[in-house]
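Chemist: Chains as they are written, first to last, in numbering that gives the first Met the number 0: chain A, 0 to 295; chain B, 0 to 286; chain C, 0 to 481.
All residues carry an ideal CB built from backbone N, CA and C; glycine is no exception.
Bear in mind that the values here come from a model prediction, so they are computed numbers and not experimental data.
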Amino acid sequence: MSTNIITPIDEVGAQERVSRLFSRSIKNESKVQALHLSLSMIDLTTLEGKDSQGKVKQLCYKASHLHDSFPRLPTVAAICIYPTMVSVAKKALGGTGINVASVATAFPSGMADLQAKLDEVKSVVEAGADEVDMVISRGKFLRGEYAYVSDEIAQVKEACGDAHLKVILETGELVTLDNVRLASDLAMDAGADFIKTSTGKVSPAATPPVVLTMLEAIRDYQLKTGKKIGMKPAGGIGTAKQAVQYLVMIKETLGEDWLSPDLFRFGASSLANDVLMQIVKQSTGHYQSKDYFSID
Amino acid sequence: MSNRINIQKTYKLFIDGKFPRTESGRYIKWSDSKESAVVNICRGSRKDFRNAMVAARKASGSWACRTAYNRAQILYRIGEMLEGRRDQFMAELTLQGLSKKQAENEIDTSIDRLIYYAGWADKFQQVFSHVNPVSLPYFNFTVPEATGVVAAIAPDDTSLLGLVSVIAPVIAGGNSIVVLASESFPLCSITLAEVLHTSDVPEGIVNILTGYRSELIEHFSSHMDVNAIIYCGNDRNDRKLVETNAALNIKRVVQFPEQNWSKDQHQSPYHIMKCQETKTTWHPVGI
Amino acid sequence: MNKTIKWEYSPAPESTDHIELKKQYNLFINGKFNAPKSGKYFKTINPSNEKTISSVAEADKTDVDKAVKSAKNAYEKIWSKMPAKERGKYIFRIARLLQERAREFSVIETMDGGKPIRESRDVDIPLASAHFFYHAGWADKLEYAFPGRQAKPIGVAGQIIPWNFPLLMAAWKLAPALATGNTVVLKPAETTPLTALKLAEIIQEADLPPGVINVVTGAGKTGQAIVNHPDVNKIAFTGSTEVGKYIMKAVAGSGKKYTLELGGKAANIIFEDAAIDQAVEGIINAIFFNQGHVCCAGSRLYIQEGVVDEVISKLRKRMETLIVGDPLDKNTDIGAINSKMQLQKIKSYVKMGTKEGGSIFQSSCSIPKKGFWHAPTIFTDVSQSNRIVQEEIFGPVLAIQTFRTVDEVMAKANNSPYGLSGGVWTEKGSKIFKVTQDIRAGVIWANTFNKFDPASPFGGYKESGVGSEGGIEGLSGYVNMV
Numbered sequence: 000m001s002t003n004i005i006t007p008i009d010e011v012g013a014q015e016r017v018s019r020l021f022s023r024s025i026k027n028e029s030k031v032q033a034l035h036l037s038l039s040m041i042d043l044t045t046l047e048g049k050d051s052q053g054k055v056k057q058l059c060y061k062a063s064h065l066h067d068s069f070p071r072l073p074t075v076a077a078i079c080i081y082p083t084m085v086s087v088a089k090k091a092l093g094g095t096g097i098n099v100a101s102v103a104t105a106f107p108s109g110m111a112d113l114q115a116k117l118d119e120v121k122s123v124v125e126a127g128a129d130e131v132d133m134v135i136s137r138g139k140f141l142r143g144e145y146a147y148v149s150d151e152i153a154q155v156k157e158a159c160g161d162a163h164l165k166v167i168l169e170t171g172e173l174v175t176l177d178n179v180r181l182a183s184d185l186a187m188d189a190g191a192d193f194i195k196t197s198t199g200k201v202s203p204a205a206t207p208p209v210v211l212t213m214l215e216a217i218r219d220y221q222l223k224t225g226k227k228i229g230m231k232p233a234g235g236i237g238t239a240k241q242a243v244q245y246l247v248m249i250k251e252t253l254g255e256d257w258l259s260p261d262l263f264r265f266g267a268s269s270l271a272n273d274v275l276m277q278i279v280k281q282s283t284g285h286y287q288s289k290d291y292f293s294i295d
Numbered sequence: 000m001s002n003r004i005n006i007q008k009t010y011k012l013f014i015d016g017k018f019p020r021t022e023s024g025r026y027i028k029w030s031d032s033k034e035s036a037v038v039n040i041c042r043g044s045r046k047d048f049r050n051a052m053v054a055a056r057k058a059s060g061s062w063a064c065r066t067a068y069n070r071a072q073i074l075y076r077i078g079e080m081l082e083g084r085r086d087q088f089m090a091e092l093t094l095q096g097l098s099k100k101q102a103e104n105e106i107d108t109s110i111d112r113l114i115y116y117a118g119w120a121d122k123f124q125q126v127f128s129h130v131n132p133v134s135l136p137y138f139n140f141t142v143p144e145a146t147g148v149v150a151a152i153a154p155d156d157t158s159l160l161g162l163v164s165v166i167a168p169v170i171a172g173g174n175s176i177v178v179l180a181s182e183s184f185p186l187c188s189i190t191l192a193e194v195l196h197t198s199d200v201p202e203g204i205v206n207i208l209t210g211y212r213s214e215l216i217e218h219f220s221s222h223m224d225v226n227a228i229i230y231c232g233n234d235r236n237d238r239k240l241v242e243t244n245a246a247l248n249i250k251r252v253v254q255f256p257e258q259n260w261s262k263d264q265h266q267s268p269y270h271i272m273k274c275q276e277t278k279t280t281w282h283p284v285g286i
Numbered sequence: 000m001n002k003t004i005k006w007e008y009s010p011a012p013e014s015t016d017h018i019e020l021k022k023q024y025n026l027f028i029n030g031k032f033n034a035p036k037s038g039k040y041f042k043t044i045n046p047s048n049e050k051t052i053s054s055v056a057e058a059d060k061t062d063v064d065k066a067v068k069s070a071k072n073a074y075e076k077i078w079s080k081m082p083a084k085e086r087g088k089y090i091f092r093i094a095r096l097l098q099e100r101a102r103e104f105s106v107i108e109t110m111d112g113g114k115p116i117r118e119s120r121d122v123d124i125p126l127a128s129a130h131f132f133y134h135a136g137w138a139d140k141l142e143y144a145f146p147g148r149q150a151k152p153i154g155v156a157g158q159i160i161p162w163n164f165p166l167l168m169a170a171w172k173l174a175p176a177l178a179t180g181n182t183v184v185l186k187p188a189e190t191t192p193l194t195a196l197k198l199a200e201i202i203q204e205a206d207l208p209p210g211v212i213n214v215v216t217g218a219g220k221t222g223q224a225i226v227n228h229p230d231v232n233k234i235a236f237t238g239s240t241e242v243g244k245y246i247m248k249a250v251a252g253s254g255k256k257y258t259l260e261l262g263g264k265a266a267n268i269i270f271e272d273a274a275i276d277q278a279v280e281g282i283i284n285a286i287f288f289n290q291g292h293v294c295c296a297g298s299r300l301y302i303q304e305g306v307v308d309e310v311i312s313k314l315r316k317r318m319e320t321l322i323v324g325d326p327l328d329k330n331t332d333i334g335a336i337n338s339k340m341q342l343q344k345i346k347s348y349v350k351m352g353t354k355e356g357g358s359i360f361q362s363s364c365s366i367p368k369k370g371f372w373h374a375p376t377i378f379t380d381v382s383q384s385n386r387i388v389q390e391e392i393f394g395p396v397l398a399i400q401t402f403r404t405v406d407e408v409m410a411k412a413n414n415s416p417y418g419l420s421g422g423v424w425t426e427k428g429s430k431i432f433k434v435t436q437d438i439r440a441g442v443i444w445a446n447t448f449n450k451f452d453p454a455s456p457f458g459g460y461k462e463s464g465v466g467s468e469g470g471i472e473g474l475s476g477y478v479n480m481v
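#1: Among C:Val211, C:Ala83, C:Ile311, which residue has its Cα nearest to the Cα of C:Ile359?
#2: Under 8 Å between the Cβ atoms of C:His292 and C:Leu342?
#3: DSSP on A:Ile8, reduced to helix/strand/coil?
#4: Whole angstroms is fine: what's the gap from B:Asn2's alpha carbon to B:Lys28's?
#5: May I ask you to report which of helix, strand or coil DSSP gives C:Trp171?
#6: CB-CB under 7 Å to A:Phe292, same chain, minus the five flanking residues each way: which ones, in chain order?
#7: Please decide whether B:Ser134 counts as near chain C, where near means a Cβ-Cβ distance under 8 Å.
#8: Anyone know if the C-beta pair for B:Met272 and B:Phe127 falls short of 8 Å?
#9: In its own chain, which residues sit with a C-beta less than 8 Å from the C-beta of A:Ser122, not counting the 5 before and 5 after it?
#10: Mind checking if C:Trp137 is an interface residue toward chain B, Cβ cutoff 8 Å exclusive?
#11: Which residues does DSSP pair with B:Gln62 in a beta bridge?
#12: Name, in chain order, the residues that DSSP records as bridge partners for A:Cys79.
#13: Roughly how many whole angstroms lie between the Cα atoms of A:Ile135 and C:Gly428?
#14: Please indicate yes or no: does the CB of A:Cys159 lie closer than 7 Å to some heavy atom of the ligand MG?
#15: What separation, rounded to the nearest whole angstrom, lies between the Cα atoms of B:Ala245 and C:Met247?
#16: Check the Cβ-Cβ distances between C:Asn33 and every residue of chain B, and say whether any is below 8 Å.
#17: Restricting to Cα atoms, I'd like to know which of C:Asn163, C:Ala169, C:Asp308 is closest to C:Ile269.
#18: Counting only beta-carbon separations shorter than 8 Å, does B:Pro283 have a partner in chain A?
#19: Does any CB atom of chain C fall closer than 8 Å to the CB of A:Lys227?
#20: Just to confirm the assignment, what range does the beta strand (DSSP E) spanning A:Ser86 have?
#21: Below 8 Å between beta carbons: does that hold for C:Ala138 and C:Lys197?
#22: Give every residue of the same chain whose Cβ lies closer than 6 Å to the Cβ of A:Ser269, excluding the five residues on either side of it in the sequence, and list them in chain order.
#23: For the region 263-284 of chain C, enumerate the residues whose C-beta is nearer than 9 Å to any C-beta of chain A, in chain order.
#24: What would DSSP say about A:Cys159, mapped onto helix, strand or coil?
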């Protein structure tokens with residue numbers, strides 16, 4: 000691995016930058032545009048032990064029919080599921096243009112040996128996953144075994160073949176922004192196509208300073224290498240307001256190139272409906288009720 | 000009576016830890032009331048003051064950076080040395096018209112004053128510093144810091160105590176000083192300089208000039224490298240001149256009226272604070 | 000997949016519906032609004048569109064005399080005799096009323112001065128209110144502020160405040176003066192008098208005894224009349240070093256006390272081991288906050304050689320995201336320059352900087368046609384000898400130099416007649432303590448910049464002023480200690 004130079008991050012300063020970004024007032028036309036954009040960036044997610052094939056099929060239908068009574072809505076970008084559901088989802092989403100993203104590498108803990116992880120990755124890719132969301136070995140990272148972590152990511156990347164690799168840092172376990180930055184640099188150097196905050200299983204998940212820190216790492220990586228790496232905050236983003244705030248953060252940190260599902264995703268299960276309610280409200284002028292929006 | 004001829008003292012200036020004569024070559028004849036003793040006092044010039052200022056500026060930074068404990072010990076050492084020179088000060092003070100008892104009292108008080116400020120040197124910062132509870136995630140604290148170089152016109156009506164009372168709080172606070180000694184009673188000033196010279200006071204921290212107030216006050220108050228000016232006296236024109244000239248570079252102005260310096264109320268940590276700046280530092284609190 | 004989109008923020012102007020502004024304002028003397036004796040009024044305009052907002056009375060010597068007499072009378076008969084805790088309650092009242100009317104004050108501050116609503120809403124007005132609240136509590140606790148001494152009020156304070164933080168500066172001056180038992184004649188700046196006059200309405204509403212606070216409006220002559228009035232016992236001034244010196248001379252020999260908050264040319268020092276992204280944000284905050292109309296602005300930037308390219312390229316990128324325009328728009332980062340005169344001054348410095356060989360970069364923002372505007376500007380290739388490095392510009396103009404060693408940068412940082420503030424950016428704790436100690440300035444921001452709080456004293460070394468405002472230290476400027 001090539002990166003172990005620490006880029007320090009001042010937590011208070013990062014928080015202040017976030018507050019300033021989040022105080023942008025997004026109104027009228029710019030809000031409608033942002034809401035539509037947010038929808039198209041969602042990785043509609045279900046990652047529960049009790050997930051059934053039925054539920055995944057329903058989710059896939061929702062993914063391409065977000066709110067049929069309202070015309071000209073985009074679809075979400077992908078659905079994100081466990082490995083055993085990949086073939087079901089792939090079939091259900093056929094022809095929609097919506098990607099199938101599978102978590103892998105002993106999600107969410109990552110507590111398995113490397114070979115088992117690689118086998119799992121290969122199998123989800125074979126089953127048709129377009130995107131693989133791996134977790135890093137946080138234990139190794141926190142012990143300072145950066146080379147191990149980096150090497151593991153590189154091997155997973157290789158196992159992915161053409162599938163896009165999202166590397167989940169599980170920032171809630173890395174605790175400091177210094178660690179978040181280091182893990183981001185390390186993941187990008189090792190071949191990540193996207194870096195992603197969280198599994199959703201650990202609290203805190205995607206906090207704004209963490210997302211900002213990762214976006215800044217992505218920006219610096221592009222300056223250094225010319226490569227554009229994608230970003231996916233996941234967990235804890237449930238409202239349209241949050242989504243729009245993150246779009247502001249992207250625009251002012253990375254620029255408009257990243258305002259695309261190719262380079263930015265929201266990992267969320269309940270965000271879509273809140274965005275939908277806002278879109279309908281912007282159009283009708285009336286605040287909406289959840290009763291009018293299908294849950295999946 | 001022996002036939003031996005006494006060695007008489009030459010009264011010089013004290014600049015940069017050395018005892019030069021005034022560069023101007025001028026002198027002021029000083030005699031006691033009975034005219035039994037006549038000495039030549041240096042009539043310090045604008046250029047002497049300038050030289051003293053250069054020395055004081057050069058010295059000031061490292062003095063402020065010493066530990067407070069070290070400054071305290073040096074002030075205490077001045078007191079020790081002064082105690083050891085009692086006889087000489089007695090002779091000079093009585094020659095300048097004080098009774099034996101008055102002279103003794105002035106020496107006692109001067110020594111005690113040095114010890115008083117020696118004790119404050121490592122405490123005033125503690126007493127006057129604050130941690131400020133700001134409404135933001137920052138650690139915010141305020142400390143006094145030495146103003147820098149102080150120019151002082153010492154009280155005219157005392158030879159030793161006034162000089163000590165002006166110098167001690169200034170250097171206890173980490174400043175360097177150029178001080179004009181009493182014009183009317185100049186004898187003790189150079190003896191005090193000898194005390195300072197043997198007390199581990201770094202060169203340039205205290206510089207003592209003798210001469211005419213009327214001649215030097217203009218230069219003391221107008222020099223652009225002086226950070227604070229102390230004026231002791233009641234002359235309204237002098238005060239106005241000092242305050243007006245202070246505006247040239249925004250000097251801090253400290254004034255003391257004629258007063259009985261032997262009283263305890265004229266020693267105070269607030270006197271140290273008169274030649275201190277207030278520095279506030281902010282730092283984020285986070286991980 | 001989807002192509003990249005263009006996403007611009009729609010206008011988000013703060014509403015001005017709830018604002019009450021009169022066509023004309025009189026002088027606030029002895030609890031009432033009085034017409035000036037001369038009958039003269041001057042216009043106050045909105046610098047972002049040059050439209051007249053209101054007209055304001057011009058106080059002459061006679062009016063000032065009336066105001067001082069009313070302050071003296073209130074001091075002698077009411078304020079100095081009132082139990083301290085009651086005095087405190089009046090100040091608490093002002094704090095509360097100001098909180099209640101915060102939005103109205105923010106909008107007026109922005110209209111009159113040109114600063115972005117984001118700042119008047121998030122900084123100026125809340126801090127002003129906090130200043131009253133903090134100082135209110137001191138009124139009956141002064142014996143704890145001055146150990147071993149008794150603090151007595153001075154009498155009548157003449158307070159002259161600048162146009163960069165109109166209401167906040169009024170609060171900085173009024174709150175400690177009142178808490179320590181003084182009465183006041185306050186003069187706001189002639190380009191930004193409105194919030195002080197609105198504050199006078201609050202003072203009426205708070206039922207403060209007549210004469211305790213008097214507000215007289217006018218320009219330099221009005222200020223002069225205050226400074227030279229024999230019954231004024233203390234002058235508190237915030238403004239230029241030039242005027243500060245004039246005041247020192249004017250009060251020489253009069254026995255008047257004074258505190259002065261004057262100019263600055265702060266060094267902001269970025270070490271190689273700094274958190275660079277936060278440092279870049281700090282640079283932006285240091286020089287572009289309030290259009291750079293800040294006496295403690297970090298207008299001299301020193302970057303350690305190893306990170307020069309990174310810092311400057313990030314700084315330029317960040318500058319491009321600054322939104323310059325309608326101050327009332329909630330997304331505006333940089334508002335209007337306060338006055339035509341100030342704009343001309345800034346422009347002449349920028350011209351000078353270019354002429355002296357500096358390399359200029361300005362953000363490519365579009366600038367409104369009407370009103371007074373200046374793009375965020377940075378200069379590289381300048382040295383200590385350049386006038387734009389030495390002199391206070393009081394605008395959004397930054398002079399950047401590089402350095403290699405700590406000794407070198409400390410020498411440069413302190414190579415200035417000013418000493419108001421400074422900034423240090425490094426992740427090394429011991430270095431912070433060393434450098435913050437060695438900078439000869441009154442307020443040091445380590446890994447941050449331009450933070451303010453009523454509990455935190457603010458004041459300068461050297462030609463940046465005399466005395467402090469805020470905190471315990473700020474009280475001492477308003478008392479005689481016995």
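Modeler: Looking at the atomic coordinates:
#1: On the third sequence, residue 359 of chain C is found 360 positions in, with the first residue counted as 1. Comparing Cα positions, the closest option is C:Ile311.
#2: Taking the first residue of the third sequence as 1, we reach residue 292 of chain C at position 293. Taking the first residue of the third sequence as 1, we reach residue 342 of chain C at position 343. The answer is no: Cβ separation not under 8 Å.
#3: As a working note, residue 8 of chain A is residue 9 in the first sequence. If DSSP states are grouped into helix, strand and coil, A:Ile8 belongs with coil.
#4: Translated into the one-based positions of the second sequence, residue 2 of chain B becomes position 3. Translated into the one-based positions of the second sequence, residue 28 of chain B becomes position 29. Each residue's alpha carbon lies about 27 Å from the other.
#5: Start at 1 with the first residue of the third sequence, and residue 171 of chain C comes out as number 172. DSSP places C:Trp171 in helix when its eight states are reduced to three.
#6: On the first sequence, residue 292 of chain A is found 293 positions in, with the first residue counted as 1. Only His66, Asn272, Leu275, Met276 meet the Cβ criterion.
#7: The residue labelled residue 134 of chain B in the question sits at position 135 within the second sequence. Interface residue, yes.
#8: Numbered from its first residue, the second sequence carries residue 272 of chain B at position 273. Numbered from its first residue, the second sequence carries residue 127 of chain B at position 128. In contact: B:Met272 and B:Phe127 (Cβ atoms closer than 8 Å).
#9: The sequence position of residue 122 of chain A within the first sequence is 123, counting from 1. Excluding residues within five positions, the ones whose Cβ falls inside 8 Å are Pro82.
#10: Counting from one through the third sequence, the residue named residue 137 of chain C turns up at place 138. No, C:Trp137 lies away from the interface with chain B (no Cβ there is under 8 Å from its Cβ).
#11: One-based indexing of the second sequence puts residue 62 of chain B at position 63. Checking the displayed sequence, the identity of residue 62 of chain B turns out to be Trp instead of Gln. According to DSSP, B:Trp62 bridges with nothing at all.
#12: Stepping through the first sequence from its first residue, residue 79 of chain A is reached at position 80. DSSP, once it has assigned bridges, lists A:Thr44, A:Ala100 as partnering A:Cys79.
#13: As a first step, residue 135 of chain A is located in the first sequence; it is residue number 136 there, counting from the start. As a first step, residue 428 of chain C is located in the third sequence; it is residue number 429 there, counting from the start. A:Ile135 and C:Gly428: Cα-Cα distance of roughly 31 Å.
#14: Here there are no bound small molecules, and the ligand MG is not part of this structure.
#15: Sequence index remark: in the second sequence, residue 245 of chain B carries index 246 (1-based). Sequence index remark: in the third sequence, residue 247 of chain C carries index 248 (1-based). Each residue's alpha carbon lies about 8 Å from the other.
#16: Numbered from its first residue, the third sequence carries residue 33 of chain C at position 34. By this cut-off, C:Asn33 is not an interface position.
#17: Residue mapping note: residue 269 of chain C aligns to position 270 of the third sequence, counting from 1. That would be C:Asp308, whose Cα lies nearest to the Cα of C:Ile269.
#18: For the purposes of this step, residue 283 of chain B is taken as residue 284 along the second sequence, with counting starting at 1. So yes, B:Pro283 belongs to the interface.
#19: In the first sequence, the residue the question calls residue 227 of chain A occupies position 228. It does not: the Cβ of A:Lys227 has no partner Cβ on chain C nearer than 8 Å.
#20: Within the first sequence, numbered from 1, the residue matching residue 86 of chain A stands at position 87. Looking at the DSSP string, A:Ser86 is not in any beta strand (DSSP E); the run it does join, the alpha helix (DSSP H), is 85-91.
#21: Looking up residue 138 of chain C in the third sequence gives position 139. Looking up residue 197 of chain C in the third sequence gives position 198. No, the pair does not count as a contact, with Cβ atoms beyond the cut-off.
#22: Translated into positions along the first sequence, residue 269 of chain A becomes position 270. Closer than 6 Å at Cβ, skipping near neighbours: Gly237.
#23: Asp272, Ala273, Ala274, Ile275, Asp276, Gln277, Ala278, Glu280, Gly281, Asn284
#24: Position 160 of the first sequence, counted from the start, is the residue given in the question as residue 159 of chain A. A:Cys159 falls in the helix class under three-state DSSP.
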